[in-house]
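A short write-up of the structure that comes next.
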Amino acid sequence: MSARQERWDKWASRGVQVGFLLGLVLLWYFATTKWGVSHLLLPNPVKVWQELKDVLATGEFWPDLKITLSELAIAFALSSTSGITLGYLISRSPYLIRVFEPLLAGAYSVPIILFLPLFVLFFGLGPGSKIAIGTTISFFPIILNTVAGFGYVDRIYITAARSMGASDWQMFRHVLLPAALPVILTGLRIGFTVALLSILGSETIAALGGLGHRIVHLAEAMETARMFAYIAFAVAIAAMLNTITSSLERRVRRP
Amino acid sequence: MNRQGSLGDLQRALLRRPWLARLLVIAALLLLWEAAARWWVDPIFLSPPSRVLASLDTVFETKGVPAALRITFWELAVAFAMSVAIGLAVGLAVGLSRFSNRSFMPIILLLYGTPQVTILPLFILYFGIGPASKIAFGVSHGIFPIIVTVVAGVQNIKPILMTAARSMGASRWQIFRWVIFPHMIPSFFAGMRLGMTGVLLGVLLAELYVSTAGIGHFTQMFTQNFEPTKLLGLISLLAAMAIVLNEIVRRAEVHFARWRMD
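Line by line, the protein sequences give chains A and B. Under my numbering, read the first sequence as residues 1249 to 1503, first letter to last. Under my numbering, read the second sequence as residues 105 to 366, first letter to last.
Shown next as structure tokens:
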């Protein structure tokens, strides 16, 4: 394929993308203004935009955002410290890896969101149950990746470092950690994402505050336009957090 | 002396058989749970595993629970079937042409990356509180991993295979049937496994959010009535259902991906 056609192709696919999104918005607009779709089901996009501006300008999102972010921070801190510590301890022995890895992988394949009613029973409707579910769900990818990272370092590196007389600390700092870090970071990123999703989800199901709860509250009050605005806000926050974590991952990974 | 000898035997037996140690770990966790439930925790919050197991039949006898389990199973099955069918069709349509791949893949990845839980209330608003909203939400979670893996599977075929087939005069259908299709199978099944995880998550989330006759209704009822025995029984049944469904798809993946290893 010639360079010129390549360039044309690229512009054409950009055009299709923009056209697709524009078409979607237009469809949405005409559905609400011309074709008489009830504004309770689908609010006018202009109205949603105004509501979003209002939400941002008045700053009424702060209390809910603070609740969601603090739940996320606590859950992630708990799951990453416990996951990395336990994962490291297990990874020190091939025998322990063989015993625990299938158990952890098996537990990871159960949809842990099932335990939410139990956590609500234990910790109540407040932030406690959200922290518990976020911690539990993000614990598994973190510990599994930590075990994989530390446990499967190429034997040659370890033997070489040993034969050159590396101390335990040197071994950890200069051989094990650099080899394991990329895998652990991937685990941390996955853990962060699933913690955020499960916290938003559990706020949707049963909560007293938080972004997920606000969206449900507006849905029940049939304030659909404001609900759309909050959905857009929550999606933007999630996208922002995910971008930050992936760029952090990339930065740490590049030595 | 004798005791030490038998301890040594045990240690050696454990070292040789990791699965035995695995069983011991599970048994220890169950014992811990049993002890915690019997002596340390208020019985309105937690009940011991022995009692949960013994009263599984009372869970079944609760009016509506068998029907709820059946409904949930059907929601999962229908959502999974729809995810696979639509995911495969969209994946092939997007993956088979370079142009559509380039145009639509970024949009699909963007949608895949957005947290769908935030729009769960919308699904209820549009599809009602019956099974339709659960199925739709399950499909919204299951469809994207299937599309993405199908596209990846179609794209990863070595160009030389396509060129060879074409130069031997294969028709478009023949290329699809004999080159693309067999190469797509392993990633398609990997996608189905991820899709099943997504469908389980989506359907269960929607069930827990609002439900009139499904299992979400009963988990909520047992939670509000402080009946941990029944709640734990129901959760165990659902977890077992999830494990079985996951395992079926995983087995299928191993089975159909085998030809590549040879």
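The beta carbon of each residue, even a glycine, is placed where N, CA and C say it ideally should be. No experiment lies behind these values; they were computed from the predicted model shown.
**Request:** Flag alanine 125/B as yes if its beta-carbon sits less than 7 Å from any beta-carbon of chain A, otherwise no.
**Result:** Output row for alanine 125/B: interface = yes.
**Request:** If I'm right that leucine 1300/A touches phenylalanine 1481/A with Cβ under 8 Å, what's the distance once you round it to whole angstroms?
**Result:** Right, the Cβ-Cβ distance comes to about 7 Å (below 8 Å), so this counts as a contact.
**Message:** Please report whether the beta-carbon of methionine 365/B lies at a distance below 7 Å from any beta-carbon of chain A.
**Reply:** With a pLDDT of 48 at methionine 365/B, under the threshold of 50, the modelled position of this residue cannot be trusted; read the value that follows with caution. It does not; no Cβ of chain A falls within 7 Å.
**Asked** In chain B, which residues lie less than 9 Å from glutamine 1253/A when you measure between Cβ atoms?
**Response** Result: empty, since nearest Cβ-Cβ is about 11 Å, beyond 9 Å.
**chain A within 7 Å of asparagine 350/B, Cβ atoms only** = Yes, its Cβ sits closer than 7 Å to a Cβ of chain A.
**Message:** So, for alanine 1380/A: in the same chain, excluding its five sequence neighbours on each side, which residues have a beta-carbon less than 6 Å away from its beta-carbon?
**Reply:** Excluding positions up to five away in sequence, the list reads Phe1367 and Phe1371.
**Within chain E, partners of isoleucine 211/B - CB distance below 7 Å** = Here chain E cannot be found, since the structure's protein chains are A and B.
**Message:** Under 7 Å, Cβ to Cβ, is there at least one residue of chain B near phenylalanine 1324/A?
**Reply:** No - not a single Cβ of chain B is within 7 Å of the one on phenylalanine 1324/A.
**Asked** Within the 7 Å Cβ cut-off, does isoleucine 1492/A reach chain B?
**Response** No, isoleucine 1492/A does not count as interfacial toward chain B.
**Asked** What's the C-alpha gap between valine 1294/A and phenylalanine 149/B?
**Response** Roughly 48 Å between the two C-alpha positions.
**Prompt:** Taking Cβ to Cβ, would you say valine 194/B is nearer than 7 Å to leucine 1445/A?
**Reply:** In this structure, the beta-carbon distance from valine 194/B to leucine 1445/A does not fall below 7 Å.
**Message:** In chain order, what are the residue ranges of uninterrupted beta strand (DSSP E) at least 3 long that sit wholly in the stretch 1348–1387 of chain A?
**Reply:** Listed in chain order, there is nothing to give.
**Message:** Quick check: is the beta carbon of alanine 193/B nearer than 7 Å to any beta carbon in chain A?
**Reply:** With 7 Å as the cut-off, alanine 193/B does not count as an interface residue toward chain A.
**Item:** Backbone secondary structure at tyrosine 1400/A - three-state DSSP
**Value:** Of the three classes helix, strand and coil, the one that applies to tyrosine 1400/A here is coil, per DSSP.
**DSSP state of serine 244/B mapped onto helix, strand, coil** = In the three-state reduction of the DSSP assignment, serine 244/B falls in the helix class.
**Item:** Amino acids of chain A, ordered along the chain, whose beta-carbon sits closer than 9 Å to that of threonine 218/B
**Value:** Under the 9 Å cutoff, chain A gives Val1483, Ala1486 and Ala1487.
**Prompt:** Using a Cβ-Cβ distance under 7 Å, would threonine 1452/A count as near chain B?
**Reply:** Yes, contact with chain B.
**Item:** Where leucine 1445/A meets chain B, residues with beta-carbon distance less than 7 Å
**Value:** Residues of chain B passing the Cβ test: Pro219 and Val221.
**Message:** Going by DSSP, what residue range makes up the alpha helix (DSSP H) through valine 198/B?
**Reply:** Note, valine 198/B: alpha helix (DSSP H), 169–199.
**Request:** Using a threshold of 7 Å, state whether the C-beta atoms of valine 1431/A and asparagine 1393/A are closer than that.
**Result:** Yes, these two residues count as a Cβ contact at 7 Å.
**Asked** Are alanine 343/B and valine 1358/A close, meaning C-beta to C-beta below 7 Å?
**Response** Between alanine 343/B and valine 1358/A, the C-beta gap is smaller than 7 Å, which places the two residues in contact.
**For glycine 1263/A and valine 1273/A, the rounded distance between their alpha carbons** = The alpha-carbon atoms of valine 1273/A and glycine 1263/A are separated by roughly 15 Å.
**Asked** In angstroms, rounded to a whole number, what distance separates the CA positions of proline 1311/A and alanine 1473/A?
**Response** Distance between the alpha carbons of proline 1311/A and alanine 1473/A: 20 Å.
**Prompt:** Can you give the Cα-Cα distance for leucine 119/B and tyrosine 1336/A, rounded to whole angstroms?
**Reply:** C-alpha separation (whole angstroms): 20 Å.
**Asked** Closer than 6 Å: is that where the CB of threonine 1491/A sits relative to any heavy atom of the ligand MN?
**Response** Among the components modelled here there is no ligand, and therefore nothing to report on the ligand MN.
**Message:** Quick check: what's the CA-CA separation for alanine 310/B versus alanine 236/B?
**Reply:** Going by the C-alpha atoms only, they are around 10 Å apart.
**Request:** Rank Ala1396/A, Met1470/A and Ala1484/A by C-alpha distance to the C-alpha of glycine 1435/A and give the top, closest one.
**Result:** Looking at the Cα atoms, Ala1396/A is the closest of the given residues.
**Item:** Distance CB(glutamine 1265/A)-CB(serine 204/B) smaller than 7 Å
**Value:** For glutamine 1265/A and serine 204/B, no; Cβs fall outside 7 Å.
**the stretch 239–247 of chain B touching the stretch 183–193 of chain B, judged by at least three CB pairs closer than 8 Å** = Contact between the stretch 239–247 of chain B and the stretch 183–193 of chain B is present: 3 or more CB-CB pairs across the two stretches fall below 8 Å.
**Prompt:** Can you round the beta-carbon distance between glycine 257/B and methionine 288/B to whole angstroms, since I take them to be within the 8 Å contact cut?
**Reply:** About 4 Å separates the two Cβ atoms, so the contact holds.
**Message:** Quick check on the burial criterion: 16 or more other C-beta atoms within 10 angstroms. Buried or exposed for glycine 232/B?
**Reply:** Label assigned to glycine 232/B: exposed.
**Among Pro210/B, Ser187/B, Ala171/B and Val188/B, nearest to lysine 1258/A - alpha-carbon criterion** = A check of alpha carbon separations from lysine 1258/A across Pro210/B, Ser187/B, Ala171/B and Val188/B identifies Pro210/B as the nearest.
**Prompt:** Contact between the stretch 335–353 of chain B and the stretch 159–170 of chain B: three or more CB pairs below 8 Å?
**Reply:** Yes, they touch.
**Request:** Measure how close the beta-carbons of serine 1327/A and serine 1386/A come, nearest whole angstrom, since I'm counting them as under 8 Å.
**Result:** Contact holds; Cβ gap of about 4 Å.
**Prompt:** Looking only at its own chain, which residues have a Cβ that is under 8 Å from the Cβ of isoleucine 228/B, when we skip the five neighbours before and after it?
**Reply:** Ser237, Ala310, Tyr313 and Val314, listed in sequence order.
**Asked** serine 154/B CB to nearest chain A CB: under 7 Å?
**Response** Not closer than 7 Å to any Cβ of chain A, the Cβ of serine 154/B fails to qualify, so no.
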